[in-house]
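Taking it in order: structure first as structure tokens, then the write-up.
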Amino acid sequence: MDIELWKKIDEEEPIPAHIQEKMAELKAKGKILPEEKYIKRPTMIEGMRKAGKINTAVLDEVGKYIHVGMNTQEIDDIVSKFTKEHGAICAPLHYDGFPKSVCTSINEEVCHGIPTRLKKLHDGDIINVDCTTILDGYYADASRMFYVGNVSEERKRLVEETKKCLELGIAAAQPWNTIGDIGYAINNHARSCGYSVVVDLGGHGVGLEFHEDPFVSHVGRKGEGMVLVPGMTITIEPMINAGRASVVIDPINDWTIYTKDKSDSAQWEHTILITEEGNEIITY
Ligand code: MF3
Ligand code: CO
Ligand code: CO
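By our numbering, the letter at position 263 of the sequence shown is numbered 310, and the numbering carries on one by one without gaps.
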């Protein structure tokens, strides 16, 4: 968003006084608070909700077509076509040089898989489709796992428990809690399942840009890190490995992240808004 528009909204829709006071109070106590530019105002939140609706519809659309034998370029085509038809833009395309409109990450691919006609879905695969939608300049970012054909119980357990990690992370994302509370909840559950949490990548602020502050770690300690203030919009997107936490980046495309031990990895992502009462999932 350009600075003039931001200033106009800031003037017309300032951060409520009681929230400003509480932020100042916590800051005086030494807590880490977000910059005011990351506290979204009603106009911005409305814009993000609209982007979120399309983002959800895109992932629903993808879900209708996932099948054994299709290639990941076909997923890119579905996402690109559907997004355009709804007047929106796929954020990944040309982002930092990313060549496609969506990320498709299969089995031991942790994230940032690049769609290609050369990569087919096989019976028993698990795939993450990560889609970020821009509408009228506002961003919404979410991803889901899909099963391809008959998937083993072992892989299904990884996928379902990773979804549970996201749900627990969202439940911990209460106003005036901290980023550390989110990471604690996720890591605690993943470990109890015998899994490990990827620490090299994480969630992020989102809304006026693709990746804003803060970094949302999926491991953490209760009460540590930045305070969650009503109006913040962040993603929570745990990447959970069946084996060890270490990851490597593809040396050729410089994008795709794999588990180092080649174990399976799963991820689910939502964009959420911290509210005064709790939170709202923008990408439902
Ligand atoms: N959607 C990813 C995220 O959740 C980022 C993908 S960056 C891209 O943050 F360039 F690969 F699209
Ligand atoms: Co994403
Ligand atoms: Co994200």
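We treat Cβ as the ideally placed atom computed from N, Cα and C, and that holds for glycine.
Just to confirm before moving on: does the CB-CB distance between residue i and residue j stay below 8 angstroms?
| i | j | result |
| --- | --- | --- |
| T225 | V274 | yes |
| G171 | G230 | no |
| M91 | Y185 | yes |
| A289 | L205 | yes |
| I173 | T151 | no |
| V157 | M286 | yes |
| K87 | G278 | yes |
| T179 | P139 | yes |
| L248 | T280 | no |
| G252 | Y142 | no |
| S293 | K307 | yes |
| H317 | A189 | yes |
| G110 | K167 | no |
| Y305 | E155 | yes |
| T209 | W53 | no |
| N234 | V244 | yes |
| R202 | D311 | yes |
| H169 | T303 | no |
| P162 | Q221 | no |
| E83 | I62 | yes |
| A75 | A98 | no |
Where does residue i fall in DSSP's three states?
| i | result |
| --- | --- |
| Q120 | helix |
| M91 | helix |
| M70 | helix |
| L248 | coil |
| E327 | strand |
| T130 | helix |
| T209 | helix |
| V263 | strand |
| V176 | strand |
| I50 | helix |
| V109 | helix |
| K167 | strand |
| T103 | helix |
| T125 | Contrary to the premise, residue 125 reads as Ile rather than Thr in this sequence. If DSSP states are grouped into helix, strand and coil, I125 belongs with the helices. |
| E201 | helix |
| E214 | helix |
Determine which residues share a DSSP beta bridge with residue i and list them.
| i | result |
| --- | --- |
| F257 | BP columns for F257 are empty, so no partner. |
| E316 | S190 |
| S243 | N288 |
| F145 | Its beta-bridge partners do not exist; DSSP assigns none. |
| V295 | Y305 |
| L182 | Y185 |
| T151 | V176 |
| I283 | H317 |
Between the options, which lies nearest to residue i when the distance is taken from Cα to Cα?
| i | options | result |
| --- | --- | --- |
| F262 | G278, C240, G227 | G227 |
| T195 | V176, K100, K55 | Reading off the sequence shown, one finds Val at residue 195, where the question assumed Thr. When only C-alpha atoms are compared, the closest one is V176. |
| A232 | I50, G270, E259 | G270 |
| G254 | N102, H65, A75, E72 | N102 |
| T282 | E259, N234, D183, I296 | E259 |
| H114 | S239, N197, R191 | N197 |
| E327 | C137, E93, T119 | E93 |
| H236 | K211, E108, Q221 | K211 |
| E284 | Y112, D124, M192 | M192 |
| I217 | G325, G77, I161, K128 | G325 |
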